[in-house]
Amino acid sequence: MKFTLTSFLRSQFATLPPVDCPDLSGRVVIVTGSNVGLGFEAAKTLAKYNPSHLILAVRNVGLGEKAAQEIVEANEGKGTVPEVWELDLGKMQSVKDFAERVNKELDRLDIVISNAGIATEKFVRTVDGFESTSQVNNIANSLLSVLLLPKLQQTARLPAPPASPDLKPHLSIVASEVHHWINGVLPGMKENRKDILQCFQEEALFVPKQRYPESKAVNILNAFTLAELAGSNVIVNSINPGFCHSGLMRESTGIAGLMGYLLKLLIARSTEVGSRNLVWAGTSETPSGAYVDSCQVHEPSDFVLSPEGKAIGAGIWDEMKTIWKEKAGVDADQVVAVAA
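Each residue of the sequence shown is one higher than the one before, counting from 18 in the numbering used here.
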């Protein structure tokens, strides 16, 4: 699908349906990056549908506890009281620790909404040595997905809770329509490089305004791969929440920052409305690998659907597998084999 101003405005002003979520009694839900913004609003909504566990996976536990209390108060004490677990995607050890805790403490895992992400215009390296947006939005996010896949697969083989007998386990990854903005070009492609993920780590190839859109394109490419690995019993999808009021782009400055501020005033969705996409994607029977926009399945960009895009996605995935093995001691192929 080609991105045009008309298609953007049509999507932005689409009337999103009210949340129609099944009763989640007996289900276990994780929402990452859920102390603020879209993740917070999605978690607040999901709490109303009585999951047995609702886990706010957050970098700052103190802010997570505050968010959990706000959810309880907003829902007037009804629904599920959220639990707060630490997850810092800027540290791969934290991702491993979180996944180990999931496997140790939870009997099942039904819904993962992978919402955590950053949008920075500064080239900063994480403690693991990777450019921060690349690690948080892609490398660590996908590592978490791989490590949670066995639990999702295991859950698919368990008896379904009676309140929602037809709900398959879901892994829903928050992407964005801004993935269209890369115009089919990721770092290193102009130089005919094959090691695209390595190019993300090179400051000379870092374009501040493009890094977030680039990372969202990779989110969608990774969702395609995860859908293939998950098989037919787990639904994997990616999500465009739309242009929403949030603090995600707070580092934007200058003309771009001013334009973003004015656009928010004029056309941005409320965070609650945008979060309906997350809840819909996490609880609806979409084709695995689907891209969700305005609570419907839509086509993403022509690039991510093209043979070239898919080949680049496969190459990025191979690069990530090498990183996970070298930096986190995780053999993704072995993990996936166990999941199957």
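Idealized CB from N, CA, C, for every residue including glycine.
What is the rounded straight-line gap between the Cα of residue i and the Cα of residue j?
i, j, result
"THR97", "LEU106", "26 Å"
"VAL372", "SER181", "A question about residue 372 goes unanswered here, because the residues of the chain that appear run from 18 up to 357."
"ILE329", "VAL163", "19 Å"
"ILE135", "VAL153", "7 Å"
"GLU245", "GLY306", "8 Å"
"VAL46", "PRO186", "10 Å"
"VAL78", "ASN209", "43 Å"
"LYS207", "ASN239", "21 Å"
"LYS61", "ASN254", "21 Å"
"PHE25", "VAL321", "18 Å"
"GLY291", "THR23", "19 Å"
"GLN351", "LEU166", "12 Å"
"CYS38", "LEU184", "10 Å"
"GLU90", "GLU103", "22 Å"
"ALA59", "ASN155", "21 Å"
"GLU302", "ALA173", "14 Å"
"GLY146", "GLU194", "28 Å"
"SER151", "ASN250", "29 Å"
"ALA157", "ILE128", "18 Å"
Which two residues bound the contiguous beta strand (DSSP E) that contains residue i?
i, result
"SER189", "187 to 191"
"GLU100", "100 to 103"
I'd like the span of the alpha helix (DSSP H) that includes residue i, first residue to last.
i, result
"THR242", "225 to 247"
"TRP341", "324 to 345"
"ARG27", "22 to 29"
"ASP114", "109 to 122"
"LEU175", "That residue, LEU175, is in no alpha helix (DSSP H); it is neither H nor E in DSSP."
"GLU90", "78 to 91"
"GLY56", "54 to 64"
"LEU184", "Neither: LEU184 is in no alpha helix (DSSP H) and is coded neither H nor E."
"LEU214", "213 to 217"
"ALA356", "349 to 356"
Per DSSP, residue i is paired with what?
i, result
"TYR308", "SER255, HIS315"
"ILE47", "ILE72, VAL129"
"CYS1", "A question about residue 1 goes unanswered here, because the residues of the chain that appear run from 18 up to 357."
"ARG142", "GLU148"
Within the same chain, show all residues whose beta-carbon is closer than 6 Å to that of residue i, passing over the 5 residues directly before and after it, in chain order.
i, result
"ILE199", "PRO230, GLU231, ALA234"
"GLN411", "Since the first residue of the chain shown is 18 and the last is 357, residue 411 is not available in this structure."
"PHE20", "HIS197"
"GLY50", "GLY56, ASN132, ALA133"
"LYS338", "ALA349"
"VAL353", "LEU246"
Less than 9 Å between the beta carbons of residue i and residue j, yes or no?
i, j, result
"SER311", "SER28", "yes"
"ILE237", "HIS196", "yes"
"ARG228", "GLU148", "yes"
"ALA84", "VAL53", "yes"
"VAL75", "ALA133", "yes"
"GLY326", "GLY201", "yes"
"ALA345", "VAL112", "yes"
"LEU161", "PHE115", "yes"
"GLY205", "LEU222", "yes"
"GLU117", "VAL101", "no"
"ILE130", "VAL36", "no"
"THR143", "LYS108", "yes"
"LEU175", "LEU188", "no"
"PRO324", "ASN294", "no"
"THR300", "LEU41", "yes"
"ILE340", "LEU214", "yes"
"GLN171", "LEU243", "no"
So, for residue i: in the same chain, excluding its five sequence neighbours on each side, which residues have a beta-carbon less than 7 Å away from its beta-carbon?
i, result
"ALA64", "LEU71, ILE88, ASN92, GLY96, THR97, PRO99"
"GLY43", "SER69, PRO178, ALA180"
"LYS342", "ASP348"
"LEU80", "ASN52"
"GLU220", "PHE140"
"SER159", "ASN239, MET337"
"TRP211", "The question names Trp, but residue 211 is Lys in the sequence shown. Correct list, in chain order: GLY332."
"VAL296", "VAL36, CYS38, ALA59, THR62, LEU63"
For residue i, which residues from the same chain have a beta carbon less than 8 Å from its beta carbon, with the 5 sequence-adjacent residues on both sides left out?
i, result
"SER287", "CYS261, HIS262"
"PHE241", "GLY306, VAL321, LYS327, GLY330"
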